[in-house]
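In what follows, a structure is listed as structure tokens, so that the remarks can point back to it.
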Amino acid sequence: MKELNAILTIAARDFTKLLRDRGRLIISFIFPLIFIGALGGGLQANIGKQVGFNFLTFTFTGVLAQVLF
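The sequence shown begins at 8 in our numbering and counts up one residue at a time.
Right, here's the structure in full:
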């Protein structure tokens, strides 16, 4: 039980630090959108139509998993 309490304390501290640092908070939201647009859009425009695969959806699910975990 002590370990769980320690983990929750560290998570709360890091979350508070994130909310106080406006620059880091903004980048945390903007970077995944840029990544989806640049990588997904670039792959879709160059390769996606030839192979019939939607790289925007593929990139979105990958970035979503990266952000969540």
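Glycine included, each C-beta is placed from N, C-alpha and C at the ideal position.
_Taking its Cβ as the centre, do 16 or more other Cβ atoms sit within 10 Å of G49, making it buried, or is it exposed?_
G49 is exposed by the Cβ-count criterion.
*Would you mind reading off the limits of the alpha helix (DSSP H) that contains G30?*
For G30, the enclosing alpha helix (DSSP H) covers residues 29-42.
*Below 7 Å between beta carbons: does that hold for G69 and F62?*
Going by C-beta atoms, G69 is not nearer than 7 Å to F62.
*Using the beta-carbon count (16 or more within 10 Å), is G80 buried or exposed?*
No statement about residue 80 is possible, as the shown extent of the chain runs from 8 to 76 and does not include it.
*Grab the span of the alpha helix (DSSP H) containing N75 for me, first residue to last.*
It is Leu, not Asn, that sits at residue 75 in the sequence shown. 62-75 is the extent of the alpha helix (DSSP H) around L75.
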